[in-house]
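Under my numbering, the first residue of the sequence shown is numbered 1, with each subsequent residue one higher. As structure tokens, the structure follows; a few thoughts come after it.
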Amino acid sequence: MATLFLTILLATVLFLILRIFSHRRNRSHNNRLPPGPNPWPIIGNLPHMGTKPHRTLSAMVTTYGPILHLRLGFVDVVVAASKSVAEQFLKIHDANFASRPPNSGAKHMAYNY
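Below you can see the structure in the form of structure tokens.
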């Protein structure tokens with residue numbers, strides 16, 4: 001009985017410590033990111049996407065605006081959901097994105113182009 005109590009107590013303390021450090025990291029990190037729904041601790045916003053992600057993203061755009069931040073697992077994603085915002089990303093600020101490393105998924109989808 002005592003070991004069960006100690007196990008539960010240790011798990012609770014560990015959870016609280018991880019939650020505090022995660023909250024501190026997210027608070028300083030999220031100041032630079034656009035608004036978005038609150039992510040879950042490990043899986044991020046994946047449960048929010050549902051079975052029809054395009055409709056979910058459309059609903060999120062009406063709530064958070066044309067630029068929104070999602071966390072998919074451990075990866076931060078910024079969604080540009082309007083033509084003008086995508087144009088700013090791809091034409092005006094293209095130098096900021098030109099130095100990104102090659103993406104093997106995109107290379108596979110584009111048949112090595």
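Glycine included, C-beta positions come from ideal geometry on N, C-alpha and C. All values derive from a computational prediction rather than experimental measurement.
### Task
State yes or no: is the C-beta of Pro34 within less than 9 angstroms of the C-beta of Val78?
For the 9 angstroms CB-CB criterion, Pro34 and Val78 form a contact.
### Message
Would you say the beta carbon of Ile92 is closer than 8 angstroms to some non-hydrogen atom of the ligand SAH?
### Response
The model depicted lacks the ligand SAH and carries no ligand whatsoever.
### Query
Cβ of Ile92 within 9 angstroms of Cβ of Ala80?
Between Ile92 and Ala80, the C-beta gap is not smaller than 9 angstroms, which leaves the two residues out of contact.
### Query
Of all the options Gly73, Lys83, Ile20 and Leu14, which has the alpha carbon lying nearest to the alpha carbon of Val61?
In terms of CA proximity to Val61, Lys83 leads the group Gly73, Lys83, Ile20 and Leu14.
### Message
Can you tell me where the alpha helix (DSSP H) holding Arg71 begins and where it ends?
### Response
Counted as a single uninterrupted DSSP element, the stretch harbouring Arg71 is not any alpha helix (DSSP H) but the beta strand (DSSP E) occupying residues Ile67 to Leu72.
### Cutoff 8 angstroms; reference Asn45; Cβ partners in own chain excluding five residues on either side
Cβ neighbours of Asn45 beyond the five flanking positions: Gly36, Pro37, Pro39, Leu70, Arg71 and Leu72.
### Task
Give the range of the alpha helix (DSSP H) segment to which Ala81 is assigned.
Looking at the DSSP string, Ala81 is not in any alpha helix (DSSP H), and its letter there is neither H nor E.
### Task
Let me know the secondary structure DSSP gives Gly105 once reduced to three states.
Helix, per DSSP.
### Message
Quick check: the Cα distance between Leu18 and Pro41, rounded to an integer number of angstroms?
### Response
When rounded, the separation of the alpha-carbon atoms in Leu18 and Pro41 is 10 angstroms.
### Query
Where does the unbroken alpha helix (DSSP H) through Asn38 begin, and where does it stop?
From DSSP, Asn38 is part of no alpha helix (DSSP H); its letter is neither H nor E.
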